[in-house]
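Participant: The structure under discussion is supplied below as structure tokens; questions concerning it will follow.
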Amino acid sequence: MSARGAGGWLKTYAVVYLAFLYGPVLLLPIFAFNDSTIISFPLKGFTTKWFEQLVNNPVLQGAVGNSLYVAISAASISTILGIFAARASARFDFPAKRGIMGFIMLPLVLPEIIIAVALLVILIQLGLDLSLSTVILGHVLVCTPFSIAILSSAFQNLDRSLEEASLDLGETRLGTFFRVTLPLVAPGVISSLLISFTISLDEFIIAFFLTGTEPTLPVYIWSQLRFTAKLPSVMALGFLLLVLSLVLLLAAEYFRRRAITRTGAQGAATGGLM
Amino acid sequence: MTETTTGPDSGRPIIELDRVEKRFGPVIALDGVSGGIRAGEFFSLLGPSGCGKTTLLRMIAGFDEPTSGSIMLDGKPMAGVPANHRPTNMVFQSYAIFPHLNVAENVAYGLKRLRLDKAEMNRRVTEALDMVDLAGYGERASHALSGGQRQRVALARALVLRPKVLLLDEPLSALDKKLREQMQVELRHLQRAVGITFILVTHDQEEALTMSDRIAVMFDGKIAQLASPEELYRRPVNRRVASFIGVMNFLEAQLVSGEGDQLSLDVAALGRVDVPRSQAPGGTNGGHISVGIRPEMLTILLEDSDRSPREVEGVISDANYYGDLTYYEVQLPGTEALATVTMRNTAGRRILREGMKARVGWSPEAIVVLE
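Protein chains in written order, with the numbering used here: chain A, 3 to 276; chain B, 161 to 531.
Set out below in structure tokens:
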């Protein structure tokens, strides 16, 4: 009896939890299509003009372009660095390995504002101009630990004898990497790319500190929040970003599942988003 | 199939080990192993886990380098030669089938680097799959294979490259008993057919005995005995080898005299026994020694048979009936250990029960003298 009572409470808890988590998100599409500049109930009517405003806004489109450029660069660089680090830590033992890996993973828990301020000070001292490149630099620093965490599990689950078998069959080390290792950790690589991309895309603090005259999307959105008249179109923009995130997440899951059916049971443990 | 046209008896060494030593930090995995493996033979490295057999195999394959000593393969020193440049191929314990490739792509993996034309490549892949009874399986996804089939793919993938030596790392340990016994026979046939030197690592003495031309028994990083299966079974050099291979009864003994080719022993329960020196393959260091007798070399005499000087009366302390055989544990006078006697249950033979008296017959030829 007591077990059923506890179960009932847990059900209520789960429903309330999900409502808090997704309730605000559900407001995005509602107000994105609401025909009023004021974000409040009751709703006034259906409109798509906020989306039209987005399309006709060259500054916004510039910001989207900047964000895509930064996110794709940061995701690629951090994934490549992640492959190196994850492979090294999974395959080799070297002095102070745990310490080195610990320092690499540190940005995961370090407040972003500290990283942002520290980078800004150094860049100014070095006399470098702030630009999208400096934002990419900061994002790589933040994304790399995530890439390593995802790729480490992929590399650790890789049966070492597969690489040895490839060497044994006459393939070189480099050839083995491209013909055996990389295809088998591909689900991890795709996961890493998508996660890093998502992190970089919505990262605000570092981008705000390190961006020059070209804002990324979050920085642009923040600058628009001061104008109440622009709020509905920010909602519309948020709705689009939500859809994009969902598509990315589903894509990551699709690739992961396809990899599992292709590689059998061994692929099941190579990490994924869901 | 191979350049090696000579049989296993040619004696030409394909692999020569000279004082091979391997240390992992303070741990000595291999402690100065020397010996030769003949071209075309089925050779087994047999021993308990941790005896260094896998380490030795991996050094022959080129995955590890010896700390000292040398390995010669087909007359060439292998020091510094990486695995991908050695004329050896390996069947891994896990089979290491590439999960992202289908069966044919797995088999063709090593051929890709040889830059053969497409027709030749397909011909060799088909030939290799035929050889392991997997004809028509080329397009199968590798995860859709059973354990036995995975092993066949691993064999085909290694043999298609026509190596000088095929290395097998406990290839049968993942299979169930029935399949394992079937694969033992098939592996042996395959080895005969291709004539390539096979080196098998195993901890299963039965597997080594049924498949090998010669076996090296290893303990603690050393080869304890290198001999044919029959010699290993009949004439083990010491107690450890004797008890690792099959079942052996040990009896305490005193060396009375050891002049010329005859050894004169006073054996517990059996009394005075004279044996030729050839039945002491490990030599004797005099005084207190032990002798071994295999259970099937002892017999339980029928009650009405004539008395013989080569018999001793004991008491059955346990009888285990296996249908075709009965395993008796017999308490012999003058010794604490029980002697195991295996008897074939032929027509008319009575199965003795616990507590019954039994006349155990023996012969001097069945005895092996252990140090």
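Yeah, the Cβ is synthetic: ideal placement off N, Cα and C, and Gly gets one too.
The model shown is predicted, which means the values in this text are computed figures rather than measured ones.
Decide yes or no for the touch test of the region 57 to 65 of chain A against the region 125 to 132 of chain A: beta carbon pairs closer than 8 Å, at least 3 of them.
Facilitator: Counting Cβ pairs under 8 Å, fewer than three are found: no touch.
Participant: For Val111 (chain A), name the three-state secondary structure that DSSP assigns.
Facilitator: As a first step, residue 111 (chain A) must be located in the first sequence, where it is residue number 109. Assignment of Val111 (chain A) by DSSP, reduced to helix, strand and coil, places it in the coil class.
Participant: Run down chain A in chain order and give the residues with a C-beta less than 8 Å from the C-beta of Phe252 (chain B).
Facilitator: For the purposes of this step, residue 252 (chain B) is taken as residue 92 along the second sequence, with counting starting at 1. Within chain A, the residues near Phe252 (chain B) are Ser163, Glu166 and Ala167.
Participant: On the DSSP bridge list, what partners appear for Gly431 (chain B)?
Facilitator: Along the second sequence, one-based indexing puts residue 431 (chain B) at 271. According to DSSP, Gly431 (chain B) bridges with B:Val427.
Participant: Just the chain A side, please: which residues come within less than 9 Å of Phe202 (chain B) by C-beta, in chain order?
Facilitator: Position 42 of the second sequence holds residue 202 (chain B). Within chain A, no C-beta atom comes less than 9 Å from the C-beta of Phe202 (chain B); the nearest is roughly 20 Å away.
Participant: Mapping the DSSP letters down to three states, classify Glu463 (chain B) as helix, strand or coil.
Facilitator: Locating residue 463 (chain B) in the second sequence gives position 303, counting from the first residue. Coil.
Participant: Rounded to whole angstroms, what's the CA-CA distance from Arg100 (chain A) to Ala90 (chain A)? Just pull it up for me.
Facilitator: Locating residue 100 (chain A) in the first sequence gives position 98, counting from the first residue. Locating residue 90 (chain A) in the first sequence gives position 88, counting from the first residue. Rounded to whole angstroms, Arg100 (chain A) to Ala90 (chain A) spans 12 Å at the Cα level.
Participant: Would Leu321 (chain B) pass as an interface residue toward chain A - the criterion being a Cβ-Cβ separation below 8 Å?
Facilitator: Along the second sequence, one-based indexing puts residue 321 (chain B) at 161. Yes, Leu321 (chain B) counts as interfacial toward chain A.
Participant: Taking beta-carbon pairs under 7 Å, can you tell me which members of the region 250 to 278 of chain B lie near chain A?
Facilitator: Listed in chain order, the positions of the region 250 to 278 of chain B with a beta carbon within less than 7 Å of a beta carbon of chain A are Met250, Phe252, Ser254, Ala256, Phe258, Pro259, His260, Tyr269, Gly270 and Arg273.
Participant: Ile208 (chain A) and Glu114 (chain A) - do their beta-carbons sit closer together than 8 Å?
Facilitator: As a working note, residue 114 (chain A) is residue 112 in the first sequence. As a working note, residue 208 (chain A) is residue 206 in the first sequence. The answer is yes: Cβ separation under 8 Å.
Participant: Which runs of the beta strand (DSSP E) fall wholly inside the region 298 to 347 of chain B and span at least 3 residues, in chain order?
Facilitator: 325 to 329
Participant: Any C-beta of chain A within less than 9 Å: which residues of the region 180 to 208 of chain B qualify?
Facilitator: none
Participant: Tell me whether Thr2 (chain A) sits in a helix, a strand or coil according to DSSP, three-state version.
Facilitator: Any question about residue 2 (chain A) goes unanswered here, given that chain A covers just 3 to 276.
Participant: Identify every run of the beta strand (DSSP E) within the region 458 to 516 of chain B, keeping only runs that are complete inside it and at least 3 residues long; order them along the chain.
Facilitator: Correct list: 459 to 461, 471 to 481, 485 to 491 and 498 to 504.
Participant: Which residue from B:Ser468, B:Val401, B:Gly443 and B:Ser523 puts its Cα closest to that of Leu139 (chain B)?
Facilitator: What is shown of chain B runs 161 to 531, which leaves residue 139 (chain B) out entirely.
Participant: What's the gap between the Cα of Ser38 (chain A) and the Cα of Leu248 (chain A)?
Facilitator: By 1-based counting over the first sequence, the position of residue 38 (chain A) is 36. By 1-based counting over the first sequence, the position of residue 248 (chain A) is 246. For Ser38 (chain A) and Leu248 (chain A), the gap between their C-alpha atoms comes out near 27 Å.
Participant: Residues in its own chain within less than 8 Å of Gly475 (chain B) by CB, not counting five upstream and five downstream?
Facilitator: Counted from its first residue, the second sequence places residue 475 (chain B) at position 315. What sits at residue 475 (chain B) in the sequence shown is Val, not Gly. Closer than 8 Å at Cβ, skipping near neighbours: Val490, Gln491, Gly515, Met516, Lys517 and Ala518.
Participant: Taking C-beta pairs closer than 9 Å, name the residues in chain A that Arg284 (chain B) reaches, listed in chain order.
Facilitator: Position 124 of the second sequence, counted from the start, is the residue given in the question as residue 284 (chain B). Simply none; closest approach about 13 Å.
Participant: Drop a sphere of 10 angstroms on the beta-carbon of Gly200 (chain B), count the other beta-carbons inside from all chains shown, and report buried for 16 or more, exposed for fewer.
Facilitator: Against the second sequence, residue 200 (chain B) aligns to sequence position 40. Classification of Gly200 (chain B): buried, given that the 10 Å Cβ count is 16 or more.
Participant: List the whole-angstrom C-beta distance separating Lys213 (chain B) from Gly207 (chain B), where the pair is believed to meet the contact cut-off of C-beta under 8 Å.
Facilitator: In the second sequence, counting from the first residue as 1, residue 213 (chain B) sits at position 53. In the second sequence, counting from the first residue as 1, residue 207 (chain B) sits at position 47. Confirmed, about 5 Å.
Participant: Spatial neighbours of Arg348 (chain B) within its chain, please: CB distance less than 8 Å, with the 5 preceding and 5 following residues excluded, ordered by chain position.
Facilitator: Taking the first residue of the second sequence as position 1, residue 348 (chain B) is located at position 188. Counting only Cβ-Cβ distances below 8 Å, and skipping sequence neighbours, we find Phe202, Thr370 and Met371.
Participant: My guess is that Glu216 (chain A) and His141 (chain A) are in contact by the Cβ rule of under 8 Å, so how many angstroms apart are they, rounded?
Facilitator: Mapped onto the first sequence, residue 216 (chain A) falls at position 214. Mapped onto the first sequence, residue 141 (chain A) falls at position 139. Between Glu216 (chain A) and His141 (chain A) a beta carbon distance of about 14 Å is seen, past the 8 Å cut, so the two are scored as non-contacting.
Participant: Report the option in A:Val144, A:Trp11, A:Phe33 and A:Thr81 whose CA atom is closest to the CA atom of Leu108 (chain A).
Facilitator: Position 106 of the first sequence, counted from the first residue, corresponds to residue 108 (chain A). Here the closest residue by C-alpha is A:Val144.
Participant: Using beta carbons (cut-off 8 Å, strictly below), is Phe358 (chain B) in contact with chain A?
Facilitator: Translated into the one-based positions of the second sequence, residue 358 (chain B) becomes position 198. By this cut-off, Phe358 (chain B) is not an interface position.
Participant: Take Glu456 (chain B) as the anchor and find which of B:Asn249, B:Ser204, B:Thr215 and B:Arg504 has the nearest alpha-carbon.
Facilitator: For the purposes of this step, residue 456 (chain B) is identified with residue 296 of the second sequence, where counting begins at 1. That would be B:Arg504, whose Cα lies nearest to the Cα of Glu456 (chain B).
Participant: Between the region 379 to 386 of chain B and the region 233 to 242 of chain B, do three or more beta carbon pairs fall short of 8 Å?
Facilitator: no
Participant: With a Cβ-Cβ cutoff of 8 Å, do Ala183 (chain A) and Ser80 (chain A) count as a contact?
Facilitator: The residue labelled residue 183 (chain A) in the question sits at position 181 within the first sequence. The residue labelled residue 80 (chain A) in the question sits at position 78 within the first sequence. First, the amino acid is wrong: residue 183 (chain A) is Thr here, not Ala. No; because the gap between Cβ atoms is not below 8 Å, this pair is not in contact.
Participant: Examine the Cβ distances between the region 276 to 295 of chain B and the region 195 to 205 of chain A and report whether three or more of them are shorter than 8 Å.
Facilitator: no
Participant: Rounded to whole angstroms, what is the Cα-Cα separation between Ala270 (chain A) and His260 (chain B)?
Facilitator: To locate residue 270 (chain A), count along the first sequence from 1; it is residue 268. To locate residue 260 (chain B), count along the second sequence from 1; it is residue 100. Any reading at Ala270 (chain A) is ruled out, since the residue's pLDDT is 41, under 50, leaving its predicted position unreliable.
Participant: Would you say Pro185 (chain A) reaches chain B, if we count a Cβ-Cβ gap shorter than 8 Å as a contact?
Facilitator: Working through the first sequence from its first residue, we reach residue 185 (chain A) at position 183. Closer than 8 Å to some Cβ of chain B, the Cβ of Pro185 (chain A) qualifies, so yes.
Participant: Counting only runs of 4+ residues fully inside the region 358 to 399 of chain B, write out the alpha helix (DSSP H) ranges in chain order.
Facilitator: 365 to 371 and 389 to 394
Participant: Taking C-beta pairs closer than 7 Å, name the residues in chain A that Ala221 (chain B) reaches, listed in chain order.
Facilitator: Stepping through the second sequence from its first residue, residue 221 (chain B) is reached at position 61. Per Cβ cutoff of 7 Å: Asp170.
Participant: Alpha carbon to alpha carbon, what distance is there between Thr486 (chain B) and Ala479 (chain B)?
Facilitator: Numbered from 1 along the second sequence, position 319 holds the residue referred to as residue 479 (chain B). Numbered from 1 along the second sequence, position 326 holds the residue referred to as residue 486 (chain B). Counting only the Cα atoms, Thr486 (chain B) lies some 7 Å from Ala479 (chain B).
Participant: With a threshold of 16 other CB atoms inside 10 Å of the CB of Ile32 (chain A), please say whether the residue is buried or exposed.
Facilitator: By one-based count along the first sequence, residue 32 (chain A) stands at place 30. So Ile32 (chain A) counts as exposed.
Participant: At a threshold of 7 Å, does Ile405 (chain B) count as lining the ligand HEM (C-beta to nearest heavy atom)?
Facilitator: This structure simply doesn't include the ligand HEM, nor any ligand for that matter.
Participant: Give a yes or no on contact between the region 153 to 160 of chain A and the region 184 to 193 of chain A, applying the rule of three or more CB pairs nearer than 8 Å.
Facilitator: yes
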